[in-house]
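Peer 1: Counting from 7, one number per residue, gives the positions in the sequence shown under this note's numbering.
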Amino acid sequence: MVSTRTRIVLRRTRRALILVCLLLLALASSYLALAFRATGFGPEVLASDRRVRVDDRPDALVFLPTTDRGDAGVIFFPGCPVPPDAYAPFARALAEHGYPVFVMKVPYRCATLAAQQEQLFAAAHAAMRSMPRRWVVAGHSRGAVHASALVAREPRLSAGLALIGTTHPRDVDLSSLSIPVTKIYGTRDGVAPEQRIRATAHLLPPSTRWVRIEGGNHRQFGYYRYQLWDRSATLSREAQQEQTVEAVIDLLRQTSAVQP
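1. By a C-beta neighbour count over all protein chains shown, 10 Å radius and 16 as the cutoff for buried, is Gln201 buried or exposed?
2. Taking buried to mean at least 16 other C-beta atoms within 10 Å of its own C-beta, is Leu119 buried or exposed?
3. What are the residues that DSSP puts in a beta bridge with Pro71?
4. Whole beta strand (DSSP E) runs in the segment 132-185 with 3 or more residues, listed along the chain?
5. Roughly how many whole angstroms lie between the Cα atoms of Arg139 and Phe108?
6. Looking at C-alpha atoms only, which residue of Asp77, Phe42, Tyr105 is the closest neighbour of Val60?
7. How would you write the range of the beta strand (DSSP E) that Phe96 sits in, first residue to last?
8. Roughly how many angstroms lie between the CA atoms of Ala273 and Gln123, to the nearest whole one?
9. Since Gly222 contacts Gln246 with CB under 8 Å, what's their CB separation in whole angstroms?
10. Could you tell me whether the segment 210-230 touches the segment 73-82, using the rule of 3 or more Cβ pairs below 8 Å?
11. What's the C-alpha gap between Thr172 and Arg17?
The structure is reproduced here in structure tokens:
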């Protein structure tokens, strides 16, 4: 029979463990809030002007060019758990070249559950239907999981695929895709290092275009503070962004040149 003293000790131990768990949860939440907070650009990037209209919708942060090329656009999935506005400079740069960009708001910033991914894909489908054109589906880091899964499941919806700073696809075989694919990576990426990126090349079409950014790292594909396990970049964030935007524009032009 358990003594009164033992019950008291067990109760106090249980309370202490609960407090420790709550403290760890609070610390983890604080880390995520600070580390992945968008940074490095001014408020004008998120403001509409004569060139770009910015629309903060429930399912996406949208950048619409006032002079729309009318032929292609981008559906973009952020990395986990990076907020959509951390990709605002990237999206705005594409919009300034005439391409609308939907930076999707991923459920719970990651959408690790099947139901959450279905919700995300439903929002992406709605975005595609809202502006009929050829769509390049793109994703950074774990956002490439969603991009790859969407294209694998419904390849006719997409005109191109851009995989940025990621080892994915790892779970789906895209080698038979007939649409153009571009994979962009940095040589200083500590999260998705070049060796691991190349290890999954057999899951991509032989015609995949590989864009190697010398000195680029993981977090500079977006505009946020810190990335665990990443390495220091040897080029500026602006230079890495410029090369990334250029590679995606090349893909958009390639899809636009293809007759429907």
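Where a beta carbon is used, it is the ideal one built from N, C-alpha and C, also for glycine.
The structure presented is a predicted model; accordingly, all values stated were derived computationally and were not measured.
Peer 2: Considering the structure as presented:
1. Reading the sequence shown from its first residue, position 195 is the one you call residue 201. It is exposed - the Cβ of Gln201 has fewer than 16 other Cβ atoms within 10 Å.
2. By one-based count along the sequence shown, residue 119 stands at place 113. Exposed: under 16 other Cβ atoms inside 10 Å.
3. For the purposes of this step, residue 71 is taken as residue 65 along the sequence shown, with counting starting at 1. Answer is Val58, bridged to Pro71.
4. 140-146, 166-170
5. Counting from one through the sequence shown, the residue named residue 139 turns up at place 133. Counting from one through the sequence shown, the residue named residue 108 turns up at place 102. Distance between the alpha carbons of Arg139 and Phe108 is about 13 Å.
6. Here residue 60 corresponds to residue number 54 of the sequence shown, with the count starting at 1. Closest by alpha carbon: Tyr105.
7. If you number the sequence shown from 1, residue 96 lands on position 90. Careful: Phe96 lies outside any beta strand (DSSP E), inside the alpha helix (DSSP H) at 94-102.
8. Since the displayed the chain opens at 7 and closes at 266, residue 273 lies outside it and no answer follows.
9. Looking up residue 222 in the sequence shown gives position 216. Looking up residue 246 in the sequence shown gives position 240. With 8 Å as the limit, Gly222 and Gln246 qualify as a contact, their Cβ atoms being about 4 Å apart.
10. no
11. If you number the sequence shown from 1, residue 172 lands on position 166. If you number the sequence shown from 1, residue 17 lands on position 11. The alpha-carbon atoms of Thr172 and Arg17 are separated by roughly 46 Å.
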